[in-house]
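All letters in the sequence shown, in the order written, are residues 2 to 137 by this note's numbering. Worksheet: the structure to be examined is printed underneath.
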Amino acid sequence: MQAPRVHLAQRRPYQDMPARLLIRQCLTAVLLAALAWVLVGSGAVLSALLGSAVCMVPAQYFACRFLRPRGSRQAKQHVSNLYRAQVGKFTLSMALFVIVFVKLPPAHPVLFFSAYAVTCLVPQLCCWRTKARVTP
Numbered sequence: 002m003q004a005p006r007v008h009l010a011q012r013r014p015y016q017d018m019p020a021r022l023l024i025r026q027c028l029t030a031v032l033l034a035a036l037a038w039v040l041v042g043s044g045a046v047l048s049a050l051l052g053s054a055v056c057m058v059p060a061q062y063f064a065c066r067f068l069r070p071r072g073s074r075q076a077k078q079h080v081s082n083l084y085r086a087q088v089g090k091f092t093l094s095m096a097l098f099v100i101v102f103v104k105l106p107p108a109h110p111v112l113f114f115s116a117y118a119v120t121c122l123v124p125q126l127c128c129w130r131t132k133a134r135v136t137p
């Protein structure tokens, strides 16, 4: 059974947020990897990509878990979903950090953490840029 199609005008703006977030973070990861390759060399590309991936996967989990469409209008359920999504994101972040440092120690830890930090800032920078366009 197929879900009913929703016209784009009827969709809420936050429903497209997980896809837009993922696209922007993937573009950031590719740019950071290319910059690492140009500045440091080919060995730094994996560190930059791993740093970005450790940020992207939990952020996408949170966005999909919390922003998925729900039929309820109850505030308690929304807050509960927010806490569940945040705990899942935190747990996933810790697990990915452990996996990366145990199984694939990054060759360039500074690039790893720099890529992680820059990728984490992408949603905030995009919101800041959007707000700057809306205000007169």
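Cβ coordinates follow ideal geometry from the N, Cα and C atoms, glycine included.
Give me the residue from the options with the minimum Cα distance to residue i.
{"i": "A86", "options": "K104, A116 and P59", "result": "P59"}
{"i": "V101", "options": "A45, G52, L22 and Q125", "result": "G52"}
{"i": "C56", "options": "L32, L93 and W129", "result": "L93"}
{"i": "Y84", "options": "L68, L97 and F98", "result": "L68"}
{"i": "A49", "options": "A108, V88 and K77", "result": "A108"}
{"i": "A45", "options": "Q26, L122 and P106", "result": "P106"}
{"i": "C27", "options": "W129, C128 and T120", "result": "T120"}
Below 9 Å between beta carbons: does that hold for residue i and residue j?
{"i": "A54", "j": "A30", "result": "yes"}
{"i": "F63", "j": "K90", "result": "yes"}
{"i": "L22", "j": "Q75", "result": "no"}
{"i": "A1", "j": "A37", "result": "Lying outside 2 to 137, the shown extent of the chain, residue 1 is not represented and no answer is given."}
{"i": "C65", "j": "P110", "result": "no"}
So, with DSSP's three-state summary, where would you put residue i?
{"i": "A118", "result": "helix"}
{"i": "H109", "result": "coil"}
{"i": "R134", "result": "Summary for R134: the model assigns pLDDT 49, below 50, so the residue's position carries little reliability; its value from the coordinates is reported in the next sentence. Three-state DSSP puts R134 in a helix."}
{"i": "G89", "result": "helix"}
{"i": "Q75", "result": "coil"}
{"i": "V41", "result": "coil"}
Any alpha helix (DSSP H) of 4 or more consecutive residues that is wholly inside the region 42-69 = 44-68
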